[in-house]
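One structure below.
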Amino acid sequence: MLQPIASHPYVKIERGVTSNPQDMIVHQRVIELYETKITTCHREFSIGEVHDMSYRKLGKEGGFLYLHTNQGVFPYTVKDNPIALIQAFKQLIDNINI
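Given below as structure tokens:
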């Protein structure tokens with residue numbers, strides 16, 4: 002099985018419809034970068050479909066990792082700066098475009 006070039010954890014927050022507004026489930030997930038694709042828990046993008054990756058910090062901790070694709074922009078909630086993943090993606094794209 003192929004090993005990812007880089008990966009980064011993200012969270013998916015699911016809020017329940019209950020009488021308690023604090024009811025929520027936090028799902029721990031991972032986005033993975035391979036030579037030919039980027040995968041998340043429920044999506045897979047070929048490298049050719051992804052135009053860019055960016056990060057926007059929110060507050061003191063965490064922020065959003067954005068995948069800019071042919072299908073639109075997909076936001077992922079991250080707790081830490083995904084700079085290593087973004088740099089690996091940009092290096093991969095640079096190598097493909099040589």
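Letter by letter, the sequence shown follows residues 2 to 99 of our numbering. The C-beta atom is built at its ideal place from N, Cα and C for all residues, glycine as well.
Got a sec? Which residues, its chain only, sit under 7 Å from histidine 52 by beta carbon, not counting five neighbours each side? His69, Thr70
Report the partner residues of glutamine 29 according to the DSSP bridge assignment. Val12
With a Cβ-Cβ cutoff of 8 Å, do arginine 57 and glycine 64 count as a contact? yes
Among Asn82, His43, Ile48, which has the Cα closest to the Cα of lysine 61? Asn82
Minimum C-alpha distance to threonine 78 - residue among Thr40, Leu3, Pro5, Pro10: Pro10
Find out if the Cβ-Cβ distance for the pair leucine 93, glutamate 36 is shorter than 8 Å. yes
Please return the same chain residues whose Cβ sits closer than 6 Å to the Cβ of asparagine 41, not counting the five positions on each side in sequence. Checking the sequence shown, residue 41 turns out to be threonine, not asparagine. So the list reads Ile32, once near-sequence residues are dropped.
Assuming aspartate 53 is part of the beta strand (DSSP E), what are its boundary residues? 51-58
With 8 Å set as the bound, which would you pick, yes or no: does the beta-carbon of arginine 16 sit closer than that to a beta-carbon of chain B? As a matter of chain content, chain B is missing from the structure shown, which is built from one protein chain.
When DSSP labels each residue in this structure, what does lysine 38 get in the three-state scheme? strand
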